[in-house]
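Residue numbering for the sequence shown follows my numbering, beginning at 20 and increasing consecutively.
A quick write-up on the structure given underneath.
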Amino acid sequence: MRIGLGLPHYGELATVDTLVEVSKAAEAMGYDSLWTGDRLFVPVEPSDPYPGGDGVIPPQFGTFLDPLTALTFAAAHTERVRLGTSTLNATWYPPVVLARTLTTLDILSRGRLDAGFGIGWMRDEYTAVNVPWTGKGARLEETLDLLEKIWTSEVVEHDGPLFTVVPTPIEPKPVQRPHPPILLPGFSPAAIRRVGRRADGWLGVGAPLPALQYLWGNVRREAEEAGRNPADIRCIVRINPHLTDEKAEAEQVPDRGTLAQQVDYARSLVEVGADEVFIDLGQTTTTSTQLLDLAGAFIEGVRAG
């Protein structure tokens, strides 16, 4: 199982020096991947609750670097680690512009991009970028259609409900062929069908093992029904723990718990069939030293298992 680490691109650790330090150190520790997410702002009175914990948006999200710029910066200071988004809210961006940025990152990193796309969860952000909240699933589908055309077609042509591209050769193409791996999250039946039908990987979130096994089984069944080989789809699980000094109750893990409990949970994901786990320590650390100490202990513990 591969092991990844969330980049410190939000909160008080989102600084140039910390990004460089953590990127280099994570690669030296043996981490397989670095990850970023996508957030525009935290309203004083949010339109929607945070989809986790008590529904309160983590205060660290009030400072958030651009996820693709942060990954490009990390690419310049590393040589081996994969660079992933979990997730980039693809519906906020014009697909042609998004394709150019992602292609650039894949080229500059020499083919290390894992492109994870989501649709977000807060209406206030959609209002701010002048994108309708309704129909976001269909918008994501057409965005993916157009991205794939741009990445794989010698001459790109698209005439859809939302976007139009006249016959145009669009260069350059990504290093990875036919395109960077496309990763999709989701728990609803429609989202699971989308993963099974067209994704290279499913982006899961830390949850009790039976729930993850159920969802991952649904992804695999949807892939089979779409005529695909389920073995071609990766299972990647993100954990966002609030680390505690005292052991948490079993049902609270991985949302809360000691580092040892997080290590045990990560090891147990093999039972689900996970190909990769990554831990985001941004909500539980305040210094780069603390983050790297925990990151080192986490990967050492998981690898020891």
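C-beta atoms are modelled at their ideal positions from N, C-alpha and C, and glycine is treated no differently.
Item                                                                                                                                                                         : Value
How big is the Cα-Cα spacing for Glu64 and Gly81?                                                                                                                            : 13 Å
Going residue by residue through the region 87 to 164, where are the continuous alpha helix (DSSP H) segments of at least 4 residues, counting only ones entirely within it? : 114 to 127 and 142 to 147
Look at the alpha carbon of Leu84 and the alpha carbon of Val115, and state the distance between them as a whole number of angstroms.                                        : 22 Å
In terms of residues, what are the limits of the alpha helix (DSSP H) holding Glu40?                                                                                         : Val35 to Met48
I believe Gly215 touches Ala245 by the beta-carbon criterion, under 8 Å. Please report the beta-carbon distance rounded to the nearest angstrom.                             : 6 Å
Where do the ends of the beta strand (DSSP E) carrying Leu53 lie?                                                                                                            : Ser52 to Thr55
Give the straight-line distance between the Cα atoms of Val194 and Ala230, rounded to the nearest whole angstrom.                                                            : 36 Å
Tell me which residues share the same chain as Gly301 and place their Cβ nearer than 7 Å to its Cβ, disregarding the 5 neighbours each side in the sequence.                 : Gly25, Pro27, Tyr29, Gly30, Leu32 and Gln79
Report the rounded CA-to-CA distance for Leu90 versus Thr55, giving the unit in angstroms.                                                                                   : 7 Å
Provide the residue span of the alpha helix (DSSP H) that contains Gly320, from first to last.                                                                               : Ser307 to Ala323
Under the three-state reduction of DSSP, which class applies to Arg212: helix, strand or coil?                                                                               : helix
Where does the unbroken beta strand (DSSP E) through Leu24 begin, and where does it stop?                                                                                    : Arg21 to Gly25
Pull up the CB-CB distance for Val100 and Glu46, whole angstroms please, since I reckon it's below 8 Å.                                                                      : 5 Å
Following the continuous beta strand (DSSP E) through Val402, name the residue where it begins and the one where it ends.                                                    : Absent from the model: residue 402. The displayed extent of the chain is 20 to 324, so no value can be given.
Let me know the beta strand (DSSP E) ranges lying completely inside the region 158 to 244, each 3 residues or longer, listed in chain order.                                 : 175 to 178, 183 to 187, 201 to 204 and 220 to 224
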